[in-house]
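A short write-up of the structure that comes next.
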C-alpha cells in the first residue's frame, strides 16, 4: 500500500495539535465542506435485480419479502452476491468494517462493482480509523466511489496515539456513534441486522465467532431502508473523506489498494473459508422462487442522525426504542429478548415489571462474563440480574463454548476452535412478530448511539427466531441463572445451572472465569457507568 506523503502527515499533525490545544471544539472536522446531496436509485426496476424482485413483490401486494440469515457464511455470501450482481448502485453503511479476510474480500467486490460503472456510496462510523495503511480510504479516489465518515475524529489513524486524548477533550461529541448496519443493491435487495463486517461475524475467524442474525429484504421495505440511508448520507455529520485532514487519496493510492486487494483475493481463492462458503446461490434462489421468502408487513425503525441532540434535550427514547417498546408493551403472553449487552435502565425495568404483572412470560438471553467481548458492560448488567429474577424473568447466559448443534449444518462453529460470543439483537413478541436489528438492550443503544431495525409481522420469522433461542438456551450451550434464597443478612445471590457431557453442573459464582476477573467486574459494578454502557 502507498504510504501517506510527509506533507499530508504534517498537515494532519498540525490540525490534530490545533484541536488538542483548543480542547473546546465541539464540531467534527470538515463539517462545512461542500458535498453534493444524492439519493437512492429512483427506478430500481430498470435493473435486473429490481425488475425480478418487483415481479415477485407484485404477487404479494403491499408486503415485503424476508429471509432470515442465521449462518454467518450465508450472510457473507449474500453480501458478496449482491455486490457482484448490482448494476447501478450499492449503498453500504456500517459501524465497523474490518480489513481482515472477509472485509478485504468485500472491499474488493465493491471496487469491482465500481469498475463496472456501479455508483458506490460507503458510509462508515469513525469508531475505527480508516486511514493509514488501509484498503478503505484509497477507494475514494475512484470516480464511482464516495466515502463519508460519520462524526469523525480529527486525529486520523496515523496519529492514533492522540485519538484517546481527543476523546477525553470531546467526549460529549465523540461518544456518539452510528451503530447502523445496512447493505443495499440497486435499491432492490438489502441485508440488515446485527452483523458488522469482519471475520468473527461471518464464521471466518479461528479465535472468535459472533452468533447473530441478519435479514435479506426484498420488496417495498427496501425503498424505506434506502431512504434511511439517504437521511444519514446527506446529514451534516457525514463528512466526505476528502474533507478530512489527509485530503483526497491519489490515483497512486488507489492502484496500490487495487493490487493489494487482488493479491488477497487470489490467496483466499484456495482457502478453507472460501471453500466452505455455501455452494448454492441464495440470491439467485430468492429471485427464482427456489428459496421461498416470507412475505409480510413490516415497520422500519431507526434513529435520526441527530439523536444526540434529542438526548441532550433530555428526551431519550423518542425515536427508535419507542417503537420497539410499544411492540413489547403490546405482548399478551410471551416476550423473548436476545441482547449481547444487557443494561436495561429504570424505565425499561418498569416496562418489564408491567408485563410481568400482566402475566407475560419474559425470557432473556445474554452473554456470560466468560463469553462477552465487552466485560465492562457486564459490570453494569450484573446489577440488574437479581432484580430481573425477582420479577420472574427467565434469564440465560451463553457459554463461551457451545456444547451441542444449533443449526441444520451442525455445530454453529465452522471448524473454529475459538470462543463463542452472542451478538444478536432480537425481540420476539407472542411468537407472532419479531424485531431484528442493530439495537442492544442497553443504555448506549437506547440513548446514545444511532440504531436501525425492522419489526416484522410474521409468525414464521418469529417462530424461527424462537426455535433458535430454544436451541441456544439448552443446558449444554447456556447457563440458566436462578435466584438463591436470602442469606442471614437478607442478601440474595444467584446460581448458574448447565450441563457438561449430559451431566448437570452448578456454579455459585460467575462460571468459566478466574477470581481476578470476577473481582475486577465486581469493582467496576460499583461505578455509575450505566449511561455509557
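In the working numbering, the protein residues as written are 81 to 613.
For every residue, glycine included, the Cβ atom is placed at its ideal position computed from N, Cα and C.
Residue i versus residue j: straight-line alpha-carbon distance, rounded
i, j, result
"residue 247", "residue 108", "12 angstroms"
"residue 483", "residue 447", "15 angstroms"
"residue 370", "residue 186", "26 angstroms"
"residue 352", "residue 154", "15 angstroms"
"residue 122", "residue 266", "9 angstroms"
"residue 202", "residue 374", "29 angstroms"
"residue 288", "residue 501", "7 angstroms"
"residue 263", "residue 468", "36 angstroms"
"residue 328", "residue 404", "41 angstroms"
"residue 184", "residue 137", "33 angstroms"
"residue 114", "residue 318", "11 angstroms"
"residue 355", "residue 349", "8 angstroms"
"residue 597", "residue 326", "41 angstroms"
"residue 171", "residue 465", "40 angstroms"
"residue 607", "residue 388", "23 angstroms"
"residue 134", "residue 307", "18 angstroms"
"residue 499", "residue 286", "8 angstroms"
"residue 562", "residue 577", "8 angstroms"
"residue 440", "residue 411", "7 angstroms"
"residue 603", "residue 423", "17 angstroms"
"residue 222", "residue 249", "35 angstroms"
"residue 144", "residue 269", "11 angstroms"
"residue 471", "residue 231", "40 angstroms"
"residue 560", "residue 474", "8 angstroms"
"residue 234", "residue 324", "7 angstroms"
"residue 601", "residue 173", "33 angstroms"
"residue 208", "residue 321", "14 angstroms"
"residue 180", "residue 344", "10 angstroms"
"residue 116", "residue 330", "20 angstroms"
"residue 558", "residue 507", "18 angstroms"
Beta-carbon separation (whole angstroms), residue i vs residue j, contact threshold 8 angstroms
i, j, result
"residue 538", "residue 146", "7 angstroms"
"residue 127", "residue 167", "4 angstroms"
"residue 273", "residue 294", "3 angstroms"
"residue 526", "residue 425", "7 angstroms"
"residue 160", "residue 189", "5 angstroms"
"residue 44", "residue 418", "The structure shown has nothing for residue 44, since the chain only spans 81 to 613."
"residue 260", "residue 156", "With a Cβ gap of about 19 angstroms, residue 260 and residue 156 do not count as contacting."
Buried/exposed call for residue i, threshold 16 Cβ in 10 Å
i, result
"residue 434", "exposed"
"residue 360", "exposed"
"residue 383", "buried"
"residue 427", "exposed"
"residue 252", "exposed"
"residue 402", "exposed"
"residue 341", "buried"
"residue 570", "exposed"
"residue 588", "exposed"
"residue 599", "exposed"
"residue 111", "exposed"
Limits of the beta strand (DSSP E) - the one that residue i falls within
i, result
"residue 583", "583-587"
"residue 580", "574-580"
"residue 147", "144-149"
"residue 477", "474-478"
"residue 421", "Looking at the DSSP string, residue 421 is not in any beta strand (DSSP E), and its letter there is neither H nor E."
"residue 172", "169-174"
"residue 320", "318-320"
"residue 284", "Unbroken run through residue 284: none, as it is neither H nor E."
Where residue i falls: helix, strand or coil (DSSP)
i, result
"residue 252", "helix"
"residue 82", "Any reading at residue 82 needs caution, since the residue's pLDDT is 46, under 50, leaving its predicted position unreliable; the model's value is listed next. Coil at residue 82, not helix or strand."
"residue 594", "coil"
"residue 128", "helix"
"residue 603", "helix"
"residue 351", "coil"
"residue 326", "coil"
"residue 233", "coil"
"residue 491", "Any reading at residue 491 is ruled out, since the residue's pLDDT is 42, under 50, leaving its predicted position unreliable."
"residue 409", "helix"
"residue 558", "strand"
"residue 377", "strand"
"residue 569", "coil"
"residue 258", "strand"
"residue 159", "helix"
"residue 446", "strand"
"residue 335", "helix"
Delimiting residues of the alpha helix (DSSP H) encompassing residue i
i, result
"residue 616", "Lying before the first or after the last residue shown, residue 616 is absent from the chain, which here runs from 81 to 613."
"residue 114", "From DSSP, residue 114 is part of no alpha helix (DSSP H); its letter is neither H nor E."
"residue 188", "181-195"
"residue 428", "426-437"
7 angstroms Cβ cutoff, residue i in contact with chain D
i, result
"residue 271", "Of the chains in the structure shown, none is chain D; there is only one protein chain."
Near the ligand GTP: residue i beta-carbon under 6 angstroms from a heavy atom
i, result
"residue 371", "Of the ligands one can find in the structure shown there are none, so the ligand GTP has no counterpart to examine."
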